[in-house]
Amino acid sequence: METIGNAIGVILKRPFIIIYWGILMLIWTLAGYILPVFKTLYELSAISGSNSLESIMSFIQVLYSYLSDTKIVIVVIIILLVILAAVSIIAGALLSGYFYILNNTVNKKQKLKGEFSTGIREYFGPTWVVTFIVLLAGLLLTIFMAVSSVPALVITRASIEKGREMLPAVLFVDVLTGVVLFFGIMFFRIYVFFWYPALINNGKKTFLKAKRFADRNFWRILSAIFIFDVVFIGFQIIFIKFDDNIWLLLFKWLFLTAFYALFTTYIFTAYKKYSEEDMEKNHNNY
Numbered sequence: 128m129e130t131i132g133n134a135i136g137v138i139l140k141r142p143f144i145i146i147y148w149g150i151l152m153l154i155w156t157l158a159g160y161i162l163p164v165f166k167t168l169y170e171l172s173a174i175s176g177s178n179s180l181e182s183i184m185s186f187i188q189v190l191y192s193y194l195s196d197t198k199i200v201i202v203v204i205i206i207l208l209v210i211l212a213a214v215s216i217i218a219g220a221l222l223s224g225y226f227y228i229l230n231n232t233v234n235k236k237q238k239l240k241g242e243f244s245t246g247i248r249e250y251f252g253p254t255w256v257v258t259f260i261v262l263l264a265g266l267l268l269t270i271f272m273a274v275s276s277v278p279a280l281v282i283t284r285a286s287i288e289k290g291r292e293m294l295p296a297v298l299f300v301d302v303l304t305g306v307v308l309f310f311g312i313m314f315f316r317i318y319v320f321f322w323y324p325a326l327i328n329n330g331k332k333t334f335l336k337a338k339r340f341a342d343r344n345f346w347r348i349l350s351a352i353f354i355f356d357v358v359f360i361g362f363q364i365i366f367i368k369f370d371d372n373i374w375l376l377l378f379k380w381l382f383l384t385a386f387y388a389l390f391t392t393y394i395f396t397a398y399k400k401y402s403e404e405d406m407e408k409n410h411n412n413y
């Protein structure tokens, strides 16, 4: 919690962080209002009467049917790689300048003219490459999660039809699957999140440095990330469930702006604080 408090202090010192996310989230919120993809999917599932378990099973079955055709797989892979590359380039242009300013603010460096453009010039290349790797790895992880969750989904679906007879087996498989997926996702996300401050602060072997940092501070980082997740998911459920209106749209924009400003600032603040603590511990040991 102390690190989150420090992150709030950094934001108050540099209004650019809020302004930056305010602009991005305004565009995102308006795009979501014009093209309400998630809300439409939610309403379709409600109309069809299918539960989330049936929807997931249907999606996996459709995905598996397409994977049996080699030509379709090759075309889909090429399209996905092009899309991921395009998204990574855009993200690299947007994030490299922002991360440079954020890192300078967290480390209390003097404010310089043209920081955003300087950040783009120095870190655009590494940032978009890292983002591409992250998106590709995230896609592969999603596919792995979908495949690995099939046994739990099948057993759970069968238990619904047979009643309490399979309840112990269902609970064991579901809990085991949930725990494995939860920690797998958390490890991946924590490594990915702290790859960016490592990239800005360290020139070489940035992923290894981010991994070592995350390994040393995993549990306290996990607790903070979990709080962020609970808050984010809770508000997203509200936004999807209730009808859109001008006040909800405004509230959604304000929430997303504050959330991403605080979350990204926390990542860089935690990296600085915990890195200094690790260095102090190592120094004391010697």
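Under the numbering used here, the residues of the sequence shown are numbered 128 to 413, in order. A virtual CB, placed ideally from N, CA and C, is assigned to each residue, including glycine.
- Rounded to whole angstroms, what's the CA-CA distance from LYS235 to ILE146? Just pull it up for me. 19 Å
- Query: Roughly how many angstroms lie between the CA atoms of ASN230 and ASN372, to the nearest whole one?
  - Reply: Going from the Cα of ASN230 to the Cα of ASN372 covers about 37 Å.
- Task: Output the distance between the C-alpha atoms of ILE205 and GLU242, rounded to the nearest integer angstrom.
- Result: 36 Å
- Message: Please tell me whether TRP155 and TYR387 are closer than 7 Å, where the distance is taken between their beta carbons.
- Response: Against a cut-off of 7 Å, the Cβ pair of TYR387 and TRP155 comes out as no contact.
- CB-CB length for SER223 against ILE247, believed under 8 Å: 5 Å
- Query: Would you report the Cα separation of PHE314 and PHE345, rounded to the nearest angstrom?
  - Reply: Cα to Cα, PHE314 sits roughly 8 Å from PHE345.
- Message: By the three-class DSSP mapping on this structure, what secondary structure does ASN328 have?
- Response: helix
- Can you say whether MET152 is buried or exposed, counting buried as having 16 or more other CB atoms within 10 angstroms of its CB? buried
- Message: What would DSSP say about LEU239, mapped onto helix, strand or coil?
- Response: coil
- Task: Have a look at PHE334, LEU335, ILE394 and flag the residue whose alpha-carbon is nearest the alpha-carbon of ILE352.
- Result: ILE394
- Message: Here's the rule: buried if 16 or more other CB atoms are within 10 angstroms of the residue's CB, otherwise exposed. What is THR391?
- Response: Looking at its Cβ environment, which holds 16 or more other Cβ atoms inside 10 Å, THR391 is buried.
- State the Cα-Cα distance for the pair TYR318 and THR283, rounded to the nearest angstrom. Near 32 Å, if we compare the C-alpha coordinates of THR283 and TYR318.
- Message: I'd like the span of the alpha helix (DSSP H) that includes ARG339, first residue to last.
- Response: 333-343
- Query: Taking the C-alpha atoms as reference points, what is the distance between ILE210 and THR269?
  - Reply: Looking at the backbone, the Cα of ILE210 and that of THR269 are separated by about 17 Å.
- Message: Taking a contact to mean a Cβ-Cβ separation below 7 Å, would you say PHE321 touches ALA337 in this structure?
- Response: yes
- On a CA-only basis, which of PRO295, ALA273, VAL297 is nearest GLY311? Give me that one, please. ALA273
- Item | Extent of the continuous alpha helix (DSSP H) to which ASN231 belongs | 197-233 is the extent of the alpha helix (DSSP H) around ASN231.
- Message: Applying the 10 Å Cβ sphere with the 16-neighbour rule, what's the burial state of TRP374?
- Response: exposed
- Closest Cα partner of PHE382 within the set VAL302, TYR401, PHE362: PHE362
- Query: Which of helix, strand or coil does DSSP assign to PRO142?
  - Reply: The answer is coil: DSSP assigns PRO142 none of H, G, I, E or B.
- Can you tell me which of the three DSSP states PHE321 falls into? coil
- Query: Within 10 angstroms of its Cβ, does ILE327 collect 16 or more other Cβ (buried), or is it exposed?
  - Reply: The residue in question, ILE327, is buried, as its Cβ has 16 or more Cβ neighbours within 10 Å.
- Item | Within 7 Å, strictly: CB atoms of LYS400 and THR130 | At a Cβ-Cβ threshold of 7 Å, LYS400 and THR130 count as neighbours.
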